[in-house]
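Following: one structure in structure tokens, then a few remarks.
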Amino acid sequence: MKLATARIDGATHAVRVIGDALADLGAPDLDDFLARHSWREEAVAATEPVWSIADATFAPLVSRPSKIICVGLNYRRHIQEMGHTLPAYPTLFGKFADALIGATDDIERPGETVALDWEVELAVVIGDHIRRATTATAESAIAGFTVFNDITCRDWQSRTQQWLQGKTWQSTTPLGPFLVTPDELDGGVRPALEMRLMVDGVQMQAENTSDLLFDPVELVSYISTIVTLHPGDVIATGTPAGVGHAQQPPRYLVGGETVVAEIAGIGRMENRVVTAGK
91 MKLATARIDG
101 ATHAVRVIGD
111 ALADLGAPDL
121 DDFLARHSWR
131 EEAVAATEPV
141 WSIADATFAP
151 LVSRPSKIIC
161 VGLNYRRHIQ
171 EMGHTLPAYP
181 TLFGKFADAL
191 IGATDDIERP
201 GETVALDWEV
211 ELAVVIGDHI
221 RRATTATAES
231 AIAGFTVFND
241 ITCRDWQSRT
251 QQWLQGKTWQ
261 STTPLGPFLV
271 TPDELDGGVR
281 PALEMRLMVD
291 GVQMQAENTS
301 DLLFDPVELV
311 SYISTIVTLH
321 PGDVIATGTP
331 AGVGHAQQPP
341 RYLVGGETVV
351 AEIAGIGRME
361 NRVVTAGK
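The opening position of the sequence shown corresponds to residue 91 in the working numbering, with each subsequent residue numbered one higher.
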């Protein structure tokens with residue numbers, strides 16, 4: 091199944107995407123819908139088209155997750171390009187929900203940075219309450235996957251050894267457009283999907299998600315050992331090689347660019363970079 095939070099006629103609706111049509115899931119967004127114990131059964135039963143996809147734009151897939159956990163250094167080639175050794179454990183940091191924007195919303199470039207970078211990522215969306223997950227319960231807790239662009243202020247990220255201040259600037263992080271359930275993806279809960287990112291039509295990143303060092307199931311198990319994961323929580327699994335910061339010379343987003351992040355079988359986000367406040 092393919093689910094989304096759609097903006098239609100000035101309101102948001104949780105929807106199931108069926109071809110070029112949208113079926114109403116009876117909730118204002120996926121945050122509320124995924125909180126229902128029976129969300130899977132209700133989504134399967136929602137087969138009656140209500141709106142055309144052409145009449146909708148897509149809000150952040152979820153806008154009020156209790157947590158957004160990001161993973162750094164999780165693709166082998168990216169680890170090498172950044173000059174690091176392969177980590178023994180996942181490198182974790184967080185974002186706040188205020189950073190999230192929709193699949194076609196503008197990325198607000200902060201005036202305080204001169205080093206705004208891109209990072210296409212596969213994101214896991216949680217569908218159950220889960221703590222100290224086994225492999226089996228971690229697999230069942232994955233509602234599906236979406237596309238995440240971990241826009242980063244590299245100059246602020248490198249101010250200290252902690253990355254948060256470079257990672258969670260307001261209205262910078264596209265998430266969406268769709269949640270695709272594992273049964274529709276090559277590899278299921280450990281998807282093997284081609285992903286890429288382009289800036290003004292030029293390909294910057296290209297990788298297969300099967301190259302992840304720590305796969306989605308491992309990450310759900312590891313993170314849920316630390317803290318309870320709730321429906322709607324997001325785990326961004328890391329970015330592959332090709333970030334602007336690692337290029338020689340480095341290349342950053344200065345404003346005016348169009349950034350496309352896409353993952354085969356899941357969806358495509360296209361966002362314009364604008365200067366915040368303008």
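Glycine is no exception: its CB is placed at the ideal position from the N, C-alpha and C atoms.
Cβ-Cβ distance between residue i and residue j below 8 Å
{"i": "Thr262", "j": "Glu202", "result": "no"}
{"i": "Thr236", "j": "Ile325", "result": "no"}
{"i": "Glu209", "j": "Asn239", "result": "yes"}
{"i": "Ala146", "j": "Ala189", "result": "no"}
{"i": "Pro155", "j": "Gly322", "result": "yes"}
{"i": "Pro272", "j": "Met359", "result": "no"}
{"i": "Asp301", "j": "Tyr165", "result": "yes"}
{"i": "Val204", "j": "Met288", "result": "no"}
Option nearest residue i by Cα separation, candidates the options
{"i": "Gly291", "options": "Arg362, Asp114, His219, Val152", "result": "Arg362"}
{"i": "Ala233", "options": "Phe268, Tyr179, Met359, Ile98", "result": "Phe268"}
{"i": "Gln252", "options": "Leu190, Ala331, Asp196, Phe183", "result": "Phe183"}
{"i": "Ala111", "options": "Lys92, Pro139, Ala125", "result": "Pro139"}
{"i": "His335", "options": "Leu275, Trp246, Asp305, Glu352", "result": "Trp246"}
Contact set for residue i: own chain, Cβ-Cβ below 6 Å, skip 5 residues either direction
{"i": "Ala296", "result": "Arg286"}
{"i": "Gln255", "result": "Trp246"}
Proximity test, Cβ basis, 8 Å: residue i and chain D
{"i": "Trp129", "result": "No chain D is part of this structure, which consists of one protein chain only."}
Assigned secondary structure, residue i (DSSP; H/G/I helix, E/B strand, else coil)
{"i": "Ala104", "result": "strand"}
{"i": "Ser142", "result": "strand"}
{"i": "Thr318", "result": "coil"}
{"i": "Tyr312", "result": "helix"}
{"i": "Lys185", "result": "strand"}
{"i": "Leu120", "result": "helix"}
{"i": "Val292", "result": "strand"}
{"i": "Lys257", "result": "helix"}
{"i": "Ala149", "result": "coil"}
{"i": "Arg244", "result": "helix"}
Beta-bridge partners of residue i, as assigned by DSSP
{"i": "Ala213", "result": "Thr236, Ala326"}
{"i": "Gly266", "result": "Val237"}
{"i": "Tyr165", "result": "Leu302"}
{"i": "Gly357", "result": "Ile353"}
Same chain, Cβ closer than 7 Å to residue i, five either side skipped, listed in chain order
{"i": "Leu206", "result": "Arg199, Ile241, Cys243, Tyr342, Leu343"}
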